[in-house]
Amino acid sequence: MSQITAKDAIAKAAKGEITVLDVREANELAASGKAAGAVHIPLALVALQAKEKLPAGKPIAVYCAVGGRAGMAAQALAGMGFEVHNIGGFGDWANAGGPVSR
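This note's numbering numbers the first residue of the sequence shown as 213 and each following residue consecutively.
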């Protein structure tokens, strides 16, 4: 697991080089939207749903509200064999100009 800047994650996502994963709760997405094209799996369900919802062999860039849950999700995903990068929080993505869908 490694850190990735939001700017780098935005560029890689635009090129289809990474899958962006939002691990916040549904009410958080409803309030703020999510990174455009991001897969949503709440942190509590990552271990159960990652293999079915995330592409095998493609790097994953994960974020939450401020970074703590993203770190936990990244550790779990790395343990499952995924290449994982932690973006930090949704605000990092949005403040760097990342597209947001509501």
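C-beta atoms are modelled at their ideal positions from N, C-alpha and C, and glycine is treated no differently.
Same chain, Cβ closer than 6 Å to residue i, neighbours up to 5 away in sequence not counted
i           : result
residue 215 : 298
residue 225 : 232
For residue j and residue i, the rounded distance between their alpha carbons
i           : j           : result
residue 260 : residue 240 : 20 Å
residue 213 : residue 267 : 17 Å
residue 291 : residue 304 : 25 Å
residue 232 : residue 272 : 6 Å
residue 249 : residue 219 : 16 Å
residue 278 : residue 257 : 19 Å
residue 287 : residue 237 : 18 Å
residue 314 : residue 254 : 17 Å
residue 251 : residue 245 : 12 Å
Endpoints, beta strand (DSSP E) assigned at residue i
i           : result
residue 300 : 296–301
residue 273 : 272–276
residue 232 : 231–234
Contact set for residue i: own chain, Cβ-Cβ below 8 Å, skip 5 residues either direction
i           : result
residue 282 : 235, 274, 275, 276, 298, 299, 300 and 301
Boundaries (first-last residue) of the alpha helix (DSSP H) holding residue i
i           : result
residue 288 : 280–291
residue 240 : 238–244
residue 250 : Per DSSP, residue 250 belongs to no alpha helix (DSSP H) and is neither H nor E.
heavy atom of the ligand SAM below 7 Å from residue i C-beta
i           : result
residue 288 : Of ligands this structure carries none, so the ligand SAM is not represented either.
Residue(s) in a DSSP beta bridge with residue i
i           : result
residue 217 : In DSSP, residue 217 forms no bridge with anything.
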